[in-house]
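*Asks:*
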Amino acid sequence: MIRIIPLSETHLVDITNIHINSLRNDFLPNLGEKFLLTLYKGAFKSNDVFGFVALDKKKVVGFVIGTKNMKRYFSSSLKSEFIKLSYYLVVRVLKKPSLLKNVIETFTYSSKDVGAPAELVVIAVLKKYQSMGIGRKLVEALEERFSNEKIRKYKLTVHADKRAVYFYEKLRYYRLSQFNLYNKLWYVYEKKLKG
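So the sequence shown is numbered by the UniProt record's numbering: it starts at 1 and just counts up by one.
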């Protein structure tokens, strides 16, 4: 039986591994496990960030992270762990110089900055556990938390991937805009919450 519980610091290594394995074609996993783990540690120092994990017995099989304010999410993560993140970033770029273009794009691209400040930052479920309703349950837990925080709408950014688009449109998100980043088409979706 799958249980959804609040994400805690003890889950950060597990969610980092799930992020890397389930979203390996994304930009952040290319920066390495240490970078991603440090980014998450920095993010969860803020009261604006919260998340949930899906457990199969005691095994973390999926997670979702949300924030009340996406601009503060990155700035607080970067500020609180600046030296470590900078070090890991430089090491990765030296090993794989082609990453530099994506790093620059990440810090200079602002076209996705539309919609509500609250955002579903990332959601991932291990492949073996996909198509079992876990993603929907994680989204529902996040939406309940958003509602408790008096957040009435939030957004998310996703690759224009058929499976992802189907998932979000089935959950009644509506598309706000689209843009290109890392030579890929991305969509910005928004969802209004009841209440």
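Just so it is clear, CB atoms sit at the ideal spot from N, CA and C, and this is done for glycine as well. Quick caveat, the model's predicted, so the values are computed rather than measured.
Going by DSSP in three states, S111 sits in which element: helix, strand or coil?
*Replies:* With a pLDDT of 48 at S111, under the threshold of 50, the modelled position of that residue is not reliable, and the figure given next carries that caveat. DSSP places S111 in coil when its eight states are reduced to three.
*Asks:* Here's the rule: buried if 16 or more other CB atoms are within 10 angstroms of the residue's CB, otherwise exposed. What is F82?
*Replies:* That one is exposed.
*Asks:* Should the stretch 41 to 56 be called in touch with the stretch 72 to 90, which here means at least 3 C-beta pairs below 8 Å?
*Replies:* The stretch 41 to 56 vs the stretch 72 to 90: in contact.
*Asks:* Jot down the residue ranges of each uninterrupted alpha helix (DSSP H) in the stretch 111 to 142, minimum 4 residues, whole runs only, in chain order.
*Replies:* Taking only runs of at least 4 residues, no alpha helix (DSSP H) segment lies wholly in the stretch 111 to 142.
*Asks:* Which of the three DSSP states, helix, strand or coil, is assigned to G32?
*Replies:* G32 falls in the coil class under three-state DSSP.
*Asks:* Please tell me whether V49 and K68 are closer than 9 Å, where the distance is taken between their beta carbons.
*Replies:* In contact: V49 and K68 (Cβ atoms closer than 9 Å).
*Asks:* If we cut at 9 Å on Cβ distances, does R92 have a partner in chain C?
*Replies:* Considering every chain present, this structure includes no chain C. It has just one protein chain.
*Asks:* Buried or exposed for S147, please, with buried defined as at least 16 other CB atoms from any protein chain shown within 10 angstroms of its CB.
*Replies:* So S147 ends up on the exposed side.
*Asks:* What are the start and end residues of the alpha helix (DSSP H) that includes I18?
*Replies:* Counting along the chain, the alpha helix (DSSP H) containing I18 begins and ends at 12 to 22.
*Asks:* With L156 as the anchor, note down where its beta strand (DSSP E) starts and where it stops.
*Replies:* Segment 153 to 159, the beta strand (DSSP E) holding L156.
*Asks:* Tell me whether V64 counts as near the ligand SAH, meaning its Cβ is closer than 8 Å to at least one heavy atom of that ligand.
*Replies:* Ligands in the displayed structure: none, and consequently the ligand SAH is not present.
*Asks:* Using 10 angstroms around the beta-carbon of Y174, count the other beta-carbons present and answer buried if the total reaches 16, otherwise exposed.
*Replies:* Answer is exposed; the Cβ neighbour count stays below 16.
*Asks:* Would the stretch 122 to 129 and the stretch 54 to 63 be scored as touching if the rule is three or more Cβ pairs under 8 Å?
*Replies:* These segments touch.
*Asks:* Do the stretch 69 to 79 and the stretch 136 to 147 make contact, defined as three or more Cβ pairs closer than 8 Å?
*Replies:* Taking 8 Å as the limit for Cβ pairs, the verdict is that the stretch 136 to 147 does not touch the stretch 69 to 79.
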